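Encoded as structure tokens, the structure appears first; notes follow it.
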Amino acid sequence: MGRWGEYRFKFPFCPSGTLLPCPPAPRPLPLLPHYQLPITHYPLPKLNMLKLYGGARSRASIVQWYLEEIGVPYEFVLLDMQNGEHRQPEFLAINPMGKVPAIVDGDFKLWESGAILLYLAQKYGKISDSLEKQAEIAQWVLFGNATLGPGIFVEASRDRETPRLLTPLNEIFEQQPFVLGEEFSVADVAVGSILAYIPMMLKLDLSAYPAVLDYIKRMTERPAYQKAIGARTAA
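Counting from 105, one number per residue, gives the positions in the sequence shown under the numbering used here.
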């Protein structure tokens, strides 16, 4: 049998019963080194997603705002506070005080919104390595929780504390767009959330603090804020 006929039987791409001789088999492609092989993308395995526990209207929305800002995937676990779900053993194992917000990040459990914000900033956010800068951020987060919030929202001290707190804040925001200067940070979540609650929950005249009003507007127009807090307040 001739050379062409041999290829007919050796290579299956020759059509059966053809009267014409089969062409020679194609030459095999050379093997490529591993760094030239095409890259195939496979879906990443699902890791333990951070869980944020909160109520329908709770300070968990502050943490949620920051999670949206830094783009960390999370699962929001909505607890039925009226039916005492936050007092059940499953949640008390996370926060023995039975308060929200709380997070579970892998095997790590943490509660108190200020502590959670600082943890998220240090682990996932953009934060300076400088101890002084970290202390300044902590200063403002603690100020939002321990000074600004009670000063504005505790009725007994509101009339006295409001001008004491908002006057220096107004002067700061006359000079810079954010708490720490030119860039948004976790400090703006801690301070901005408390300030943004004022027009939602209290009938306070803030016209004497135009820079604070402008700051509130900037914060509440941020897409992450709208997704975490704005959507709930509109509901």
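Beta carbons are placed, not taken as given, at the ideal position from N, Cα and C, and that holds for glycine. In this text the structure is predicted, and so the values were computed from the model without any measurement.
Reduced DSSP secondary structure (H/G/I, E/B, other) of residue i
i, result
"Tyr178", "strand"
"Ile220", "helix"
"Asp209", "strand"
"Phe282", "strand"
"Tyr313", "coil"
"Lys307", "coil"
"Gly248", "helix"
"Ser162", "coil"
"Leu141", "Since pLDDT at Leu141 reaches only 44, below the 50 mark, its modelled position is unreliable, and no value is offered."
"Gly255", "helix"
"Glu275", "helix"
"Tyr228", "coil"
"Gln192", "coil"
Euclidean distance between Cα positions of residue i and residue j
i, j, result
"Thr197", "Val245", "According to the sequence shown, residue 197 is Ala rather than Thr. In a straight line, the C-alpha of Ala197 is about 26 Å away from that of Val245."
"Gly229", "Glu325", "21 Å"
"Pro193", "Gln226", "30 Å"
"Arg264", "Met304", "21 Å"
"Leu310", "Asn274", "10 Å"
"Pro314", "Arg262", "19 Å"
"Ala300", "Met323", "8 Å"
"Phe257", "Pro327", "26 Å"
"Pro281", "Tyr319", "7 Å"
"Val181", "Leu284", "32 Å"
"Leu235", "Ile220", "18 Å"
"Val290", "Asn187", "32 Å"
"Glu286", "Asn249", "23 Å"
"Val167", "Met201", "18 Å"
"Phe277", "Ile298", "15 Å"
Where residue i falls, given that 16 or more other Cβ within 10 Å makes a residue buried
i, result
"Val204", "buried"
"Ala312", "exposed"
"Arg191", "exposed"
"Phe288", "buried"
"Gly210", "exposed"
"Ala160", "exposed"
"Gly158", "buried"
"Ser232", "exposed"
"Ala242", "buried"
Interface flag, residue i vs chain B, CB-CB below 9 Å
i, result
"Ala206", "Among the chains in the structure shown there is no chain B, since it carries only a single protein chain."
Identified DSSP bridge partners for residue i
i, result
"Lys155", "Glu179 and Val208"
"Leu214", "Ile207"
Residue i versus the options, residue with shortest Cα-Cα distance
i, options, result
"Thr251", "Pro281, Arg161, Gly218 and Glu275", "Gly218"
"Trp169", "Lys321, Leu310, Gly296 and Leu306", "Gly296"
"Gly253", "Ala239, Glu240 and Arg268", "Arg268"
"Pro272", "Ile302, Gln226, Gly285 and Val316", "Val316"
"Lys307", "Glu216, Asp318 and Glu259", "Glu259"
"Ile333", "Val293, Leu154, Pro314 and Asp318", "Val293"
"Leu156", "Trp215, Ile174 and Gln279", "Trp215"
"Ala164", "Met201, Leu183 and Pro177", "Leu183"
"Ile331", "Leu171, Met153 and Ile207", "Per the sequence shown, the amino acid found at residue 331 is Lys instead of Ile. Checked all of Leu171, Met153 and Ile207; the closest Cα to Lys331 is Leu171."
"Asn152", "Ile298, Lys321, Ile276 and Phe212", "Phe212"
Cβ-heavy atom distance, residue i to the ligand COA, below 8 Å
i, result
"Leu252", "The model depicted lacks the ligand COA and carries no ligand whatsoever."
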